Structures are given as structure tokens and as C-alpha cells.
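Q:
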């Protein structure tokens, strides 16, 4: 077996790097959710992370390891939103100039927050443009370092620190359930969790309209899908990365699918019953547990709520359009 | 000086009664809120309490001290909402039959939750009916024990346990800021906090349209106002109680006022920036700090977010109708 691109040691190093910089986010429970699902569920709430999502972990870990020359020149990132905010915030804390390439249909709240952190935002059209290509040409022009959203060992290691904390707080979990976009979060969490507790199961969850990782696993190689359409804007990635896919193939037990309706129902439950503001992507793993997608034997479950950056107008619409079933 | 109706010992006893039954709610912080206000603020989030508000504390403390005969016969309570849910939930945990008298304009989510906890709900018209009178006649008819919403030593002691926890987590606060309706929460918190830390300041906050306690303090005796109109439905009380007012007169440093617009702005900040679902009453103390109502010298501040039970339709409307200034 070839060695994986990220080790448990990398994650522990990232945890030291992030100590006293990242928030140690709370683990919440809901008696009602447990009663409804017949499981014991522990929600790791990255909605309370700095920048409103887990992305700050990977971004800060990566940026803090730049050379002083690289720091002076600055960084560029491309992102549908939360990675943008994570990089912008980490860059501002480390006094590094940041340029962010964002799709012009990203939620306004994410665009605004990225600019508030002092980053320069460059917009592109997600249907026609290639953001990676655009970021690369900006990077070349201005000698900037590209900070990719997921396919990078230090980014992956940073995201994995979340699972370290979760297992410190609740050591005897049967499984951790994680939303999957490009795979940075789940590959980091799987590396951390299986390093601490080899018997734990790791489940990824994708939206039905964005099942690139599930398809890639089934075919045994990376499969690209057309620009995915799902309400979960944080996981609209057309394909996993080479590094994240290698880790997912080895360490992830299964990738499950949920519909947009199921995601919205979970989001409403989070707001109405748990008093948590979550974004659609943040409700994806929760939706899989609510809808009974996990095997019966999996009883004690860690669920990652990946972020809470939802446009207030969209949240308002989702809340007004119907009541949660419970 | 006459002795006050609730002692620090009562609160410590209540804390023992509630241990492993009530949630120890988290204390949250926001770097952005601190930067905007120039203070260090610690939010005690009773939105995460069982039943979605602090009311469960007092209700459970009171109900757990009924005789076995009283438990068999059952209890009756009158409430604009959260006390209803608190009593209904505590009663269901203790296997006590509960009847709740609620205004017919209470938020639907509170009516529904009260019924879900197994209580019988009796509706009345807040503009014409006297809920206290109605509860009393039901109590007589069916030999039930009345559980008043605030004017009761065991209710007050239960609510005060919140301040014990807050000061255990953050011992060196200059002040605690608390929303004021009938005064049960603030009189319990003041008794607890000044028992632990005599130099701490306690500030109450009322909505402009519901300033019965501020007026009562100014006049030196209990003043009744007409049925108050404010978006903060949890503090629409026309007058403080005899017990709560006696404690407030002795232990509360000042009662401040905020407008409905200021409450809504604080609520939006909580949702958009802190990812917390709070009800309008829950945002009242936060609004006072946001709007600079506290003296400059008060730097380290505990703010009580009293609950998170907001009708999803109302929350949707508040979120869609404008952006938070920040």
C-alpha cells in the first residue's frame, strides 16, 4: 500500500498551529433528534468557527506555513464561499495580502464577509469560466501563492483537527458523518479519526445533484460531473481532488446521498428545534441521519455541521415556506 | 432591613435539584460584537436550555418540591409562552398532569410545543380576560396547584441557577445584563450573582413599550401599566410581582430601555453573525449593550440570551426585511 498524502502527525501539528487561534467549537446534542432517529447524535458545530465554517482551520494551517517572502507577495484562492472567507480571515490575521476568485452567484453574505476581511474579490461566471485557470493566471501575473480549496496536504490536515476535538469530547463514537464537496474535510477527518480510533466508521454525504465522489468511488477513479445543482452551495464541486480521493478511497466507509428536500428539512429542524443557524451544506450530514441512511448498528454518531453562512433572505424563505415534520 | 424572600442558599439548593436534569447552557462570545461595542461580552445562551428558554429551571425546581398528593392532583400555570413550555416539560418529566392557560395570540410554535409536552392548553383573550383569575378558578375546580410564572421563591431560585453557572464559567464579570418581564429571572440572577460576587452590577432591560419595572422603581412602589405592546412577547407583563420587586429594589443597579427596532437589530446580529436563533425577548439584553446603554466603566459583561422560541414565520420576516448594520 502506498503511503497516504496526510498523516496523523500532520493533523496533530495542525492542531498545535491552530491552538488559541481557531475556536474550539461546541458539541451539541438534541434529545428530540435522538428520539426521532433512535440514535445518540453529537453535533460538532463549525457554524461557530471563526468565519462561520470549518474552512478557517485548513486555510490558517496552510498560510501559517508560508515563507516570509511568500507572505509578502500574497496569496490567491478560488472558492464558492466559505474557503474564501477562511483564507481572507487567516490572511488578515497573518498580515498577508489576499485575492479571492469567487463565482458571481455566491451568496451575498459570503461575498460581503470576504471583502470585510480585507481581501480583494475577483468575480467569475460559474457556468462558463474556469476558476482554477483564472486563479492560476492571476497567481502568475502577480507572483502569488495559490491556496487551493481542498487538494492540499496542509489544508486537509487543518480540517482534520475538527475530528480530533470531537473525539476528545466524545471518545466512543461508532461513526462520524461528514458533508463531502471536494473532499478536504472528510479526508482530514478520516485521517484524524481512524488514527485515534481505528474501528470508527466514516460516512460522507453528498447532495443527489452533486454525487461526484460517490460515482468516483464506484468507478474506482476520479469522475467529473457537470456543474452540480443543489441548494448546498458549499459542495457544488464537479470532482474530488487527487489527494482527497486517494484518502477517501482508503479510509471512508461509504458515501450516502440526500435530496435537497431532505437537506431543507434538516436545516429547519436545526433552526426550530436546536436553535442553530446552519447553511444548507451544514445540514447535509444531519439530513442523512434524519432520513435513516446509516446502518442500524451505528448508534453513537458524530455529525459535522460544517458551517452557518446562509444568506438571511434565503433562510427567511426556507423558514416561511413550511413547518418541519416532527 | 427586612430579609429578602430568596436567599443564596435557596439558589444553591435549586442548582442541586436541577443537576443532570437541566442543560448547563454554553457561554458564547463574538469577536465582532466585542469590537463593535468596545466591551468583552459573554452570552449565556438559554436558547439551548430544555424547552428552548430559561423557564424550565424555575418550573422544574418548583414542581420537584410538590408533595406526592399535590403531584397526583396536578398543576395549572398561566403564561405568554415559555413558562408554559417550562411547566409542561417539567411536569411531563415528573409525571404530573399539567393544565396551561395561554393567550390566544401566543406564538404558534409555543402553543404547539406546550401541547407536545402533553399539557392541556386553555386559551384566553389577553385584551379582555384575566389569566390569573382564570387559572385560579380552574385550580379551585380541579384542586390543582398554581405554578405562577415569576412571583414564587422556588421559581426565582431556579432561574437564579443560570447566574451561578455563568459566574463559574466567567468569574470576573463587571456586570450581568438580564431581560425583565415579571422579574423572576433578574431577581434570581441578582440573588445568585451578588451572593457570589458582591461588587457585580446587575442591569435589567425592558422594552420601551413594557417599562413597568422601571416605572415601579422610579415611584418606589409597584406600578401597573396597560397590556404592553412590544415584539418581545416574553416580557409583556403589566407589573412586577411583590417578591420579585422587593428583590429588584434591593439588588438591581438600574433598569434600561430599548426600542423594538433595537431588539430586532440585535436579533439579526445574533442570527447572521453569531449563528444563534434567538427570540425577540432573548435579544433584549444584547440590544442594550449594542446600543451603548451601559456605563463606560462596565467592561466585562455577561448578557443573558433568555430563549430561542421564535415563530419561524416571524423569524423569516425579520430576516428578509433588511440587513444588519455592522
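Residue numbers (my numbering), protein chains in the order written: chain D, 16 to 341; chain R, 16 to 341.
The C-beta atom is built at its ideal place from N, Cα and C for all residues, glycine as well.
From a predicted model like this one, the values you see are computed outputs, not experimental measurements.
I want to see whether chain D comes within less than 9 Å of residue 71 of chain R, judged by CB atoms only; does it?
A: By 1-based counting over the second chain, the position of residue 71 of chain R is 56. Output row for residue 71 of chain R: interface = no.
Q: Measuring alpha carbon to alpha carbon, tell me which residue in R:301, R:252, R:216 is nearest residue 267 of chain R.
A: As a working note, residue 267 of chain R is residue 252 in the second chain. When each option's Cα is compared against that of residue 267 of chain R, the closest is R:216.
Q: Using a 10 Å radius around the Cβ and a threshold of 16 neighbouring Cβ atoms, would you call residue 255 of chain R buried or exposed?
A: Reading the second chain from its first residue, position 240 is the one you call residue 255 of chain R. By the 10 Å Cβ count, residue 255 of chain R comes out buried.
Q: How about residue 335 of chain R: is its C-beta nearer than 9 Å to some C-beta of chain D?
A: Within the second chain, residue 335 of chain R is the residue found at index 320, counting from 1. Yes - at least one Cβ of chain D is within 9 Å of the one on residue 335 of chain R.
Q: Going by the CB atoms, is the gap between residue 221 of chain D and residue 271 of chain D shorter than 9 Å?
A: Counting from one through the first chain, the residue named residue 271 of chain D turns up at place 256. Counting from one through the first chain, the residue named residue 221 of chain D turns up at place 206. Yes. Within cutoff.
Q: Just list the residues that DSSP pairs residue 60 of chain D with in beta bridges.
A: If you number the first chain from 1, residue 60 of chain D lands on position 45. Looking at the DSSP assignment, residue 60 of chain D forms a beta bridge with D:320.
Q: Between which two residues does the beta strand (DSSP E) harbouring residue 218 of chain D extend?
A: By 1-based counting over the first chain, the position of residue 218 of chain D is 203. Counting along the chain, the beta strand (DSSP E) containing residue 218 of chain D begins and ends at 216-222.
Q: For residue 88 of chain R and residue 37 of chain R, which I take to be in contact (beta-carbon distance under 8 Å), what is that distance rounded to the nearest angstrom?
A: Along the second chain, read from residue 1 onward, the residue named residue 88 of chain R stands at position 73. Along the second chain, read from residue 1 onward, the residue named residue 37 of chain R stands at position 22. Not quite, the Cβ-Cβ distance comes to about 25 Å (not below 8 Å), so this is no contact.
Q: Which bits of chain D does residue 62 of chain R rub up against, with CB to CB less than 8 Å?
A: Residue mapping note: residue 62 of chain R aligns to position 47 of the second chain, counting from 1. Correct list: 290.
Q: How close, in whole Å, do the beta carbons of residue 248 of chain D and residue 101 of chain D come, if the pair is a contact with beta carbons under 8 Å?
A: In the first chain, residue 248 of chain D corresponds to position 233, counting from 1. In the first chain, residue 101 of chain D corresponds to position 86, counting from 1. No, residue 248 of chain D and residue 101 of chain D are not in contact; Cβ-Cβ is about 15 Å, not under 8 Å.
Q: Could you give the distance in angstroms between the alpha-carbon of residue 162 of chain D and the alpha-carbon of residue 74 of chain D?
A: Counting from 1 along the first chain, the entry for residue 162 of chain D is found at position 147. Counting from 1 along the first chain, the entry for residue 74 of chain D is found at position 59. Rounded to the nearest angstrom, the two C-alpha atoms are 8 Å apart.
Q: Could you tell me whether the Cβ of residue 142 of chain R comes closer than 9 Å to any Cβ of chain D?
A: For this step, residue 142 of chain R is matched to residue 127 along the second chain. So no, residue 142 of chain R is outside the interface.
Q: Taking only runs that begin and end inside the stretch 72-98 of chain R, name each unbroken beta strand (DSSP E) of 3 or more residues, in chain order.
A: DSSP runs (the beta strand (DSSP E)) wholly in the stretch 72-98 of chain R: 90-93.
Q: By DSSP's criteria, residue 241 of chain D is part of a beta bridge. Which residues make up the other side?
A: Taking the first residue of the first chain as position 1, residue 241 of chain D is located at position 226. Looking at the DSSP assignment, residue 241 of chain D forms no beta bridge with any residue, so it has no partner.
Q: For residue 55 of chain D, which beta-bridge partners are listed by DSSP?
A: By 1-based counting over the first chain, the position of residue 55 of chain D is 40. BP columns for residue 55 of chain D point to D:315.
Q: Is there a Cβ from chain D that is less than 9 Å from the Cβ of residue 338 of chain R?
A: Your numbering for residue 338 of chain R matches position 323 in the second chain. Because the pLDDT of residue 338 of chain R is 48, which lies under 50, any placement of that residue in the model is unreliable, and the number read from its coordinates should be weighed accordingly. Answer yes: the Cβ-Cβ gap between residue 338 of chain R and chain D drops below 9 Å somewhere.
Q: Can you list, in chain order, the residues of its chain with a C-beta nearer than 8 Å to that of residue 115 of chain R? Leave out the 5 residues immediately preceding and following it.
A: The count along the second chain starts at 1 and reaches residue 115 of chain R at position 100. So the list reads 91, 92, 93, 94, 99, 102, 103, 129, 134, 135, 136, 137, once near-sequence residues are dropped.
Q: Residue range of the alpha helix (DSSP H) that residue 189 of chain D falls in?
A: Taking the first residue of the first chain as position 1, residue 189 of chain D is located at position 174. Counting along the chain, residue 189 of chain D falls outside any alpha helix (DSSP H), and DSSP gives it neither H nor E.
Q: What are the start and end residues of each continuous beta strand (DSSP E) run of 3 or more residues lying completely inside the stretch 134-184 of chain D, in chain order?
A: DSSP runs (the beta strand (DSSP E)) wholly in the stretch 134-184 of chain D: 135-139.
Q: Quick one, are the C-beta atoms of residue 33 of chain D and residue 176 of chain D less than 9 Å apart?
A: As a working mapping, residue 33 of chain D is identified with position 18 in the first chain. As a working mapping, residue 176 of chain D is identified with position 161 in the first chain. Yes, these two residues count as a Cβ contact at 9 Å.
Q: May I ask which residues mark the beginning and end of the alpha helix (DSSP H) holding residue 289 of chain D?
A: The residue you call residue 289 of chain D lines up with position 274 of the first chain. Where residue 289 of chain D is concerned, there is no enclosing alpha helix (DSSP H), given that its DSSP letter is neither H nor E.
Q: Among the candidates D:253, D:86, D:110, whose CA atom is the shortest distance from the CA of residue 157 of chain D?
A: In the first chain, the residue the question calls residue 157 of chain D occupies position 142. Nearest C-alpha to residue 157 of chain D: D:86.
Q: Since residue 200 of chain D contacts residue 192 of chain D with CB under 8 Å, what's their CB separation in whole angstroms?
A: Here residue 200 of chain D corresponds to residue number 185 of the first chain, with the count starting at 1. Here residue 192 of chain D corresponds to residue number 177 of the first chain, with the count starting at 1. No, residue 200 of chain D and residue 192 of chain D are not in contact; Cβ-Cβ is about 11 Å, not under 8 Å.
Q: Name the chain R residues that come within less than 8 Å of residue 286 of chain D, Cβ to Cβ?
A: Stepping through the first chain from its first residue, residue 286 of chain D is reached at position 271. In chain order: 292, 327, 330.
Q: Determine whether the beta carbon atoms of residue 63 of chain R and residue 44 of chain R lie at a separation below 9 Å.
A: Taking the first residue of the second chain as position 1, residue 63 of chain R is located at position 48. Taking the first residue of the second chain as position 1, residue 44 of chain R is located at position 29. In this structure, residue 44 of chain R does not lie closer than 9 Å to residue 63 of chain R by Cβ.
Q: Judging by CA-CA distance, which residue of R:109, R:168, R:261 is the nearest neighbour of residue 228 of chain R?
A: Reading the second chain from its first residue, position 213 is the one you call residue 228 of chain R. Looking at the Cα atoms, R:261 is the closest of the given residues.
Q: Would you kindly check if the distance between the Cβ of residue 320 of chain R and the Cβ of residue 305 of chain R is under 9 Å?
A: Here residue 305 of chain R refers to the residue found at position 290 when the second chain is read from its first residue. Here residue 320 of chain R refers to the residue found at position 305 when the second chain is read from its first residue. For residue 305 of chain R and residue 320 of chain R, no; Cβs fall outside 9 Å.
Q: Residue 117 of chain R CB to nearest chain D CB: under 9 Å?
A: The residue labelled residue 117 of chain R in the question sits at position 102 within the second chain. False, the Cβ-Cβ gap to chain D never drops below 9 Å.
Q: Buried or exposed: residue 245 of chain D, going by 16 or more other Cβ atoms within 10 Å of its Cβ?
A: The residue you call residue 245 of chain D lines up with position 230 of the first chain. So residue 245 of chain D counts as buried.
Q: Compare the C-alpha of residue 65 of chain R against each of D:311, D:310, D:288 and name the closest.
A: Numbered from 1 along the second chain, position 50 holds the residue referred to as residue 65 of chain R. Among D:311, D:310, D:288, the Cα nearest to that of residue 65 of chain R is on D:288.
Q: Give the interface partners of residue 323 of chain R over in chain D, defined as CB-CB distance under 8 Å, in chain order.
A: Taking the second chain and counting its residues from 1, one reaches residue 323 of chain R at position 308. Chain D residues near residue 323 of chain R: 290.
Q: Rounded to the nearest angstrom, how far is the Cβ of residue 290 of chain R from that of residue 67 of chain D, given a contact under 8 Å?
A: To locate residue 290 of chain R, count along the second chain from 1; it is residue 275. To locate residue 67 of chain D, count along the first chain from 1; it is residue 52. The Cβ separation is near 6 Å, so the contact holds.
Q: Buried or exposed: where does residue 277 of chain D fall if 16 or more other Cβ atoms within 10 Å of its Cβ makes it buried?
A: Within the first chain, numbered from 1, the residue matching residue 277 of chain D stands at position 262. Buried is the call here.
Q: Let me know if residue 243 of chain D comes out buried or exposed under the rule of 16 or more other beta-carbons within 10 Å of its beta-carbon.
A: To locate residue 243 of chain D, count along the first chain from 1; it is residue 228. So residue 243 of chain D ends up on the buried side.
Q: Per DSSP, what kind of secondary structure is residue 213 of chain D in: helix, strand or coil?
A: Indexing the first chain from 1 puts residue 213 of chain D at position 198. Coil.
Q: Hey, quick one: how far does the beta strand (DSSP E) through residue 117 of chain R stretch, first residue to last?
A: Stepping through the second chain from its first residue, residue 117 of chain R is reached at position 102. Unbroken beta strand (DSSP E) run through residue 117 of chain R: 113-118.
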